[in-house]
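Novice: Here's a structure for you.
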Amino acid sequence: MIRSLLFLLALASVTPASAQLGGRLRDLIANRRQPGTGSAQAPGKEEMSYGSDSMQNLDYWRPTTPGSPLVIYVHGGGWKRGDKGLAAGEKSVHYLQQGYAFASLNYRLVPSCTVEEQAADVAHAVAFLVRRAEQLGFDGKRVVLMGHSAGAHLVALVGTDLSYLKQAELSPKALRGVIPLDGAAYDVARQITEGGDFMHDTYLQAFGTDPERQARLSPTKQAAAPNAPAFLILHVQRVDGTAQSIALGEALRKAGTPAEVKGFEGHGLQGHAEINRRMGDPAYPATPVVDAWLKKVFEK
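Read in order, the letters of the sequence shown correspond to residues -19 to -1, 1 to 281 in mature numbering (1 follows the signal peptide of the UniProt record, and there is no 0).
Right under this line is the structure:
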């Protein structure tokens, strides 16, 4: 059934009324795919609330060695769906094996909140964890944010517009780095213009039509220094995701921020989902790349 739906989604991108049909099919897939299904999660998960809203919560796994670094994951879902269970596959198992603590965040969803509030949620969740670092057994000075899809946009935004960390009473050095996974809205206006019909309505719902607001919510447009100390920007072979990832990396390096951009096999919706699902699988090519980068930034 899922393969059939993926095929229909591909057709929707090239047929009339594709935005409307694509939206219905995306909703159908979202309803059929339960978050976390098939996930090989590590034991010992602790659920915590970092705010008063029912969506402001997170899952946390303590490291095997106290004082280890922390990897925080932010899920995707078009800013309007998804949850922390989308840290699927082997992430919690793998990053604990690598010697890290691991957390997966929920955040409030559009349209009940704004993208600005979502970025604030991410920053406040980081602050919640960092302030409890000793109690939770990790090193609060060694934290990396990782996000996929809409989550890639949010972690990139928090890592470039440091006002979100400031609102959460965190310093610009609160993060060691940021890892966006296959985002395609780092320059919102460009994506709305060039991204085709498939996600067009989703982008308008999230970012609106005001050019100034779109620019404020575009990590590429916010990449002038200061930024988070380092970025590892990964993408699969989607035209828009590739172009947006390269442009973000260029903007960061122009500002003097170290930023590596690396592409991996995978096409369309299937490749986009695979980089999330298989991140943490040692056989997936992006996993050792992330492992080596994390080791480098955590050793500084």
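All C-beta atoms in this analysis are idealised placements derived from N, C-alpha and C, irrespective of residue type, glycine included.
Let's see if you can read the secondary structure: which residues bound the alpha helix (DSSP H) around residue 282?
Specialist: Since the first residue of the chain shown is -19 and the last is 281, residue 282 is not available in this structure.
Novice: State yes or no: is the C-beta of residue 24 within less than 8 Å of the C-beta of residue 118?
Specialist: The residue labelled residue 24 in the question sits at position 43 within the sequence shown. The residue labelled residue 118 in the question sits at position 137 within the sequence shown. Taking 8 Å as the Cβ cut-off, residue 24 and residue 118 do not qualify as a contacting pair.
Novice: Would a C-beta distance cut-off of 8 Å place residue 256 and residue 230 closer than the cut-off?
Specialist: Numbered from 1 along the sequence shown, position 275 holds the residue referred to as residue 256. Numbered from 1 along the sequence shown, position 249 holds the residue referred to as residue 230. No, the pair does not count as a contact, with Cβ atoms beyond the cut-off.
Novice: Would you give the residue range spanned by the alpha helix (DSSP H) that residue 89 belongs to?
Specialist: As a position in the sequence shown, residue 89 is number 108, starting the count at 1. Residue 89 -> no alpha helix (DSSP H), and no H or E assigned at all.
Novice: Measure the alpha-carbon distance for residue 154 versus residue 110 and round it to whole angstroms.
Specialist: Your numbering for residue 154 matches position 173 in the sequence shown. Your numbering for residue 110 matches position 129 in the sequence shown. Near 15 Å, if we compare the C-alpha coordinates of residue 110 and residue 154.
Novice: Go ahead and label residue 200 buried or exposed: buried means 16 or more other beta carbons lie within 10 angstroms of its beta carbon, across all protein chains shown.
Specialist: To locate residue 200, count along the sequence shown from 1; it is residue 219. Residue 200 comes out buried.
Novice: Going by DSSP, which residues form a beta bridge with residue 28?
Specialist: Position 47 of the sequence shown, counted from the first residue, corresponds to residue 28. According to DSSP, residue 28 bridges with 40.
Novice: Could you tell me whether the Cβ atoms of residue 98 and residue 89 are closer together than 8 Å?
Specialist: One-based indexing of the sequence shown puts residue 98 at position 117. One-based indexing of the sequence shown puts residue 89 at position 108. Yes.
Novice: Let's test the definition: count the other Cβ atoms within 10 Å of the Cβ of residue 141 and tell me whether it reaches 16, buried, or not, exposed.
Specialist: Looking up residue 141 in the sequence shown gives position 160. Flag for residue 141 reads buried.
Novice: Checking 8 Å against the spacing of the C-beta atoms, do residue 135 and residue 103 come in under that value?
Specialist: Walking along the sequence shown from the start, residue 135 turns up at place 154. Walking along the sequence shown from the start, residue 103 turns up at place 122. The answer is yes: Cβ separation under 8 Å.
Novice: Within the continuous alpha helix (DSSP H) that includes residue 136, where are the two ends?
Specialist: As a first step, residue 136 is located in the sequence shown; it is residue number 155 there, counting from the start. That run of the alpha helix (DSSP H) goes 131 to 141.
Novice: Within its chain, find whatever has a CB closer than 8 Å to the CB of residue 195; leave out the 5 residues flanking it on each side and keep chain order.
Specialist: As a working note, residue 195 is residue 214 in the sequence shown. Excluding sequence neighbours, residue 195 sits near 169, 170, 173, 188 and 189.
Novice: Mapping the DSSP letters down to three states, classify residue 182 as helix, strand or coil.
Specialist: Residue mapping note: residue 182 aligns to position 201 of the sequence shown, counting from 1. Note: residue 182 maps to helix in three-state DSSP.
Novice: Note the first and the last residue of the continuous beta strand (DSSP E) segment covering residue 253.
Specialist: As a working mapping, residue 253 is identified with position 272 in the sequence shown. No beta strand (DSSP E) contains residue 253, which is instead part of the alpha helix (DSSP H) from 249 to 258.
Novice: Which of the three DSSP states, helix, strand or coil, is assigned to residue 59?
Specialist: Translated into the one-based positions of the sequence shown, residue 59 becomes position 78. It is coil, neither helix nor strand.
Novice: Is the beta carbon of residue 224 sitting closer than 8 Å to the one on residue 233?
Specialist: Mapped onto the sequence shown, residue 224 falls at position 243. Mapped onto the sequence shown, residue 233 falls at position 252. No, they are not a contact pair.
Novice: Determine the closest residue to residue 83 out of 212, 101, 121 and 205, with distance taken between C-alpha atoms.
Specialist: Locating residue 83 in the sequence shown gives position 102, where the first residue counts as 1. The option with the nearest alpha carbon to residue 83 is 121.
Novice: Go ahead and pull the three-state DSSP assignment for residue 19.
Specialist: Indexing the sequence shown from 1 puts residue 19 at position 38. The pLDDT assigned to residue 19 is 42, lower than 50, so where the model puts this residue is not dependable, and the model offers no usable value.
Novice: Sort 53, 244 and 80 by Cα distance to residue 47 and report the nearest one.
Specialist: The residue you call residue 47 lines up with position 66 of the sequence shown. Of 53, 244 and 80, the residue nearest in Cα terms is 80.
Novice: Just curious, the alpha helix (DSSP H) that residue 229 is in, first and last residue?
Specialist: Residue numbering aside, residue 229 sits at position 248 when the sequence shown is read from its first letter. First-last of the alpha helix (DSSP H) with residue 229: 220 to 235.
Novice: How should residue 49 be labelled, buried or exposed, when 16 other C-beta atoms within 10 angstroms of its C-beta is the threshold for buried?
Specialist: Within the sequence shown, numbered from 1, the residue matching residue 49 stands at position 68. With 16 or more Cβ atoms within 10 Å of its Cβ, residue 49 is classed as buried.
Novice: Please classify residue 152: is it buried, with 16 or more other beta-carbons within 10 angstroms of its beta-carbon, or exposed?
Specialist: To locate residue 152, count along the sequence shown from 1; it is residue 171. Under this definition residue 152 is an exposed residue.
Novice: On a CA-only basis, which of 273, 247, 77 and 262 is nearest residue 71? Give me that one, please.
Specialist: Here residue 71 corresponds to residue number 90 of the sequence shown, with the count starting at 1. It is 262.
Novice: For residue 185, which residues from the same chain have a beta carbon less than 8 Å from its beta carbon, with the 5 sequence-adjacent residues on both sides left out?
Specialist: Within the sequence shown, the letter at position 204 stands for residue 185. Only 173 meet the Cβ criterion.
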